[in-house]
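In the UniProt record's numbering, the protein residues as written are 1 to 90.
Here it is, written out as structure tokens:
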């Protein structure tokens with residue numbers, strides 16, 4: 001069962017005045033063959049680069065519109081994974 005208590009690191013980010021976005025990551029195709037792997041949380045430092053943070057936030061939430069259609073990272077694929085270092089996708 002998932003915890004309903006707030007994540008302390010997310011709460012600390014909010015207290016600093018920052019926004020936290022997240023990616024729910026799974027392995028396999030959407031639907032019956034999909035295996036949830038976890039959640040990646042990303043703190044956006046709005047005071048340092050407000051426009052970039054807002055653009056990224058909109059891509060994460062699907063609010064960004066391109067040709068009047070929602071555009072974002074939903075159902076994006078990670079095409080490169082280096083354990084303990086980084087992931088690339090988009």
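Heads up, the beta-carbon is just placed ideally off N, CA and C, and yes, glycines get one too.
For clarity, every value in this text was computed on a predicted model and none was experimentally measured.
Which of helix, strand or coil DSSP assigns to residue i
i	result
residue 8	helix
residue 51	helix
residue 85	coil
residue 15	helix
residue 45	coil
residue 35	strand
residue 56	helix
Exposure of residue i, with buried meaning 16 or more beta-carbon neighbours within 10 Å
i	result
residue 44	buried
residue 133	Nothing about residue 133 can be read from this structure; the chain reaches only from 1 to 90.
Near the ligand NAP: residue i beta-carbon under 6 Å from a heavy atom
i	result
residue 71	In terms of ligand content, the structure shown is empty, and the ligand NAP therefore cannot be addressed.
CB of residue i within 7 Å of CB of residue j, strictly
i	j	result
residue 20	residue 57	no
residue 78	residue 89	yes
residue 25	residue 17	no
residue 73	residue 59	yes
Spatial neighbours of residue i in its chain, beta-carbon cut-off 6 Å, leaving aside the 5 residues before and after
i	result
residue 53	44, 46
residue 10	20
7 Å Cβ shell around residue i - same chain, five flanking residues per side excluded
i	result
residue 84	none
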